[in-house]
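> Mind looking over this structure? Questions follow.
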Amino acid sequence: MKGTFLKIAFLFMPEITMPALRDNLLNTYEWLTSSTRREIVQQFSESKTWPASVVFYHRVADTVQNPWSIGNENFVKHLDLIADLATFASLDDTIRTQKEGSRDKLTVAITFDDGYAENLDRAIPELIRRRIPCTYFVTTDHVENQKFFEHDVARKEPLCVNSISEIRWMANHGVQIGGHTATHVDLGKPWTRDRLRTEISDSRKKLQDWTGQEISYFAFPYGLPQNISQASIDMVFESGYRAFVSAYGGLNFPGGDSFHISRFHGECGTASLHNWLTMDPRKVARKCPLQYEMPTQNIRESLSSDAESFSNDEPTVSVPLRSETTPVSMSSIGSI
Ligand SMILES: [Zn+2]
Numbered sequence: 464m465k466g467t468f469l470k471i472a473f474l475f476m477p478e479i480t481m482p483a484l485r486d487n488l489l490n491t492y493e494w495l496t497s498s499t500r501r502e503i504v505q506q507f508s509e510s511k512t513w514p515a516s517v518v519f520y521h522r523v524a525d526t527v528q529n530p531w532s533i534g535n536e537n538f539v540k541h542l543d544l545i546a547d548l549a550t551f552a553s554l555d556d557t558i559r560t561q562k563e564g565s566r567d568k569l570t571v572a573i574t575f576d577d578g579y580a581e582n583l584d585r586a587i588p589e590l591i592r593r594r595i596p597c598t599y600f601v602t603t604d605h606v607e608n609q610k611f612f613e614h615d616v617a618r619k620e621p622l623c624v625n626s627i628s629e630i631r632w633m634a635n636h637g638v639q640i641g642g643h644t645a646t647h648v649d650l651g652k653p654w655t656r657d658r659l660r661t662e663i664s665d666s667r668k669k670l671q672d673w674t675g676q677e678i679s680y681f682a683f684p685y686g687l688p689q690n691i692s693q694a695s696i697d698m699v700f701e702s703g704y705r706a707f708v709s710a711y712g713g714l715n716f717p718g719g720d721s722f723h724i725s726r727f728h729g730e731c732g733t734a735s736l737h738n739w740l741t742m743d744p745r746k747v748a749r750k751c752p753l754q755y756e757m758p759t760q761n762i763r764e765s766l767s768s769d770a771e772s773f774s775n776d777e778p779t780v781s782v783p784l785r786s787e788t789t790p791v792s793m794s795s796i797g798s799i
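This is the structure:
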């Protein structure tokens, strides 16, 4: 009976667009699989093999809503839920425990892609106020030229992007900045090495210039396997990035890949996030490694001297959040 219900539920779930209805179905699925989830949790606790979760967001705002936006209150609920069910971690922490091969608790890292201006209204100040680590992946040409993203223009809903001074402000307040190409290009296409260098390496240098931070991580635009070519992975490595992230769902089990980190989307509502964090048996069992060849040190190019001035060794500590950080008001954001 349970199996029949689940088959029917998942047959129709992708077609259900009403968030409330989808949440109800997810809640029911969670209840039906609760005993399996308890067994999984017990096993992870005993063997210290908890996965690391990495959630990605694009835009947190109360104005225009689209599939890559969630509301401010919804985002705060996500933070509360994660605080209840897991431990916040930086990407540095995530990769360290991947390499160590054991993890004694469920960790969640927060990331953002693209660089939307409205994230500074509530989401980023809230993360800073709570001292929650965050990696913010930036598309440099859009920020530098204040250019709208094509995917927003296509919906006839152009949305403002961050300015350089906002990116610098975030970096100065402990937000880790990451690379997300220069032009938000699909890196699954067969670009020349010069174009790959511009998109991946040159944009990294630009972010380092803007922030004074080492830029350690890269997020592939669109983030599906078909958007990630071997040539682009090689360029990510050669450029000095320590790791890259994808965006097609998946958990990161200790001892697994530490150069490619899987992420899942922070969906509208809380049911999807709750389902991930309570160890959905389907997601735990799903193996979704990216098929690629790990670049080796001998192909890493000698880049320009300013890139070399940043150490590519293991960082000793995560980028610290400023101890004097206080809640940030709209006006202080607006003044930067
Ligand atoms: Zn993007």
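Using the numbering used here, you'd call the opening residue of the sequence shown number 464 and step up by one each time. For glycine and all other residues, C-beta sits at the position ideal for the given N, C-alpha and C. Note that this is a predicted model, so its numbers are computed, not measured.
1) Would you say the beta carbon of Pro684 comes nearer than 6 Å to a heavy atom of ligand 1?
2) With three or more beta-carbon pairs closer than 8 Å as the criterion, would you say the region 656 to 676 touches the region 702 to 715?
3) Using the Cα positions of Lys568 and Leu548, report the straight-line distance between them to the nearest angstrom.
4) Starting from Thr733, trace the beta strand (DSSP E) in both directions and tell me its first and last residue.
5) Spell out the partners DSSP gives Cys597 in its beta bridges.
6) Starting from Ile640, trace the alpha helix (DSSP H) in both directions and tell me its first and last residue.
7) Which stretch, first to last residue, makes up the alpha helix (DSSP H) that contains Phe722?
8) To the nearest angstrom, how far is it from the Cα of Val679 to the Cα of Val648?
9) In angstroms, rounded to a whole number, what distance separates the CA positions of Gly713 and Ile630?
10) State the Cα-Cα distance for the pair Val782 and Val539, rounded to the nearest angstrom.
11) Which residues mark the beginning and the end of the alpha helix (DSSP H) in which Val648 is found?
12) Check each candidate in Gly578, Gly534, Met698 and name the one with the smallest Cα separation from Thr655.
13) Are three or more beta carbon pairs between the region 716 to 726 and the region 491 to 501 nearer than 8 Å?
14) Contact between the region 541 to 560 and the region 568 to 585: three or more CB pairs below 8 Å?
15) Determine the burial state of Cys810: buried for a count of at least 16 other Cβ atoms within 10 Å of its Cβ, exposed for fewer.
16) Give the straight-line distance between the Cα atoms of His614 and Gln528, rounded to the nearest whole angstrom.
17) With a threshold of 6 Å (Cβ to nearest heavy atom), would Asp615 be considered close to ligand 1?
18) Work out the CA separation of Gly641 and Gln609 for me, nearest whole Å.
19) Hey, Asn690 and Gly729: beta-carbon distance below 7 Å or not?
20) Helix, strand or coil: which one does DSSP assign to Ile630?
21) Going by beta carbon distance, what residues of the same chain come within less than 7 Å of Pro752, once the five residues before and after it are set aside?
Working from what's here:
1) Here residue 684 refers to the residue found at position 221 when the sequence shown is read from its first residue. Within the cutoff, so yes.
2) Taking a cut-off of 8 Å on C-beta distances, the region 656 to 676 touches the region 702 to 715, as three or more cross pairs fall below it.
3) As a working mapping, residue 568 is identified with position 105 in the sequence shown. As a working mapping, residue 548 is identified with position 85 in the sequence shown. Taking the straight line from one Cα to the other gives about 10 Å.
4) Residue mapping note: residue 733 aligns to position 270 of the sequence shown, counting from 1. Premise fails: Thr733 is in no beta strand (DSSP E) and is neither H nor E.
5) The residue you call residue 597 lines up with position 134 of the sequence shown. Per DSSP, Ile573.
6) In the sequence shown, residue 640 corresponds to position 177, counting from 1. Careful: Ile640 lies outside any alpha helix (DSSP H), inside the beta strand (DSSP E) at 639 to 642.
7) The residue given as residue 722 occupies position 259 in the sequence shown. Element bounds for Phe722: n/a, residue is neither H nor E.
8) Counting from one through the sequence shown, the residue named residue 679 turns up at place 216. Counting from one through the sequence shown, the residue named residue 648 turns up at place 185. For the record, residue 679 in the displayed sequence is Ser; it is not Val. Those two C-alpha atoms are separated by around 20 Å.
9) For the purposes of this step, residue 713 is taken as residue 250 along the sequence shown, with counting starting at 1. For the purposes of this step, residue 630 is taken as residue 167 along the sequence shown, with counting starting at 1. When the Cα atoms are used, Gly713 and Ile630 turn out to be separated by approximately 28 Å.
10) Position 319 of the sequence shown, counted from the start, is the residue given in the question as residue 782. Position 76 of the sequence shown, counted from the start, is the residue given in the question as residue 539. Residue confidence for Val782 is low, a pLDDT of 28 falling below 50, so the modelled location carries little weight and cannot support an answer.
11) Position 185 of the sequence shown holds residue 648. Element bounds for Val648: n/a, residue is neither H nor E.
12) On the sequence shown, position 192 is the one that residue 655 refers to. Of the listed residues, the one whose Cα sits closest to Thr655 is Met698.
13) no
14) yes
15) The structure shown does not extend to residue 810, since the chain is modelled only from 464 through 799, so no value can be given for it.
16) Looking up residue 614 in the sequence shown gives position 151. Looking up residue 528 in the sequence shown gives position 65. The alpha-carbon atoms of His614 and Gln528 are separated by roughly 13 Å.
17) Position 152 of the sequence shown, counting from 1, holds the residue named residue 615. Not under cutoff, so the answer is no.
18) Position 146 of the sequence shown, counted from the start, is the residue given in the question as residue 609. Position 178 of the sequence shown, counted from the start, is the residue given in the question as residue 641. Roughly 18 Å between the two C-alpha positions.
19) To locate residue 690, count along the sequence shown from 1; it is residue 227. To locate residue 729, count along the sequence shown from 1; it is residue 266. Contact: no.
20) Counting from one through the sequence shown, the residue named residue 630 turns up at place 167. Residue state, collapsed to three classes: helix.
21) Here the question's residue 752 lines up with position 289 in the sequence shown. Contacts found: Asp720.
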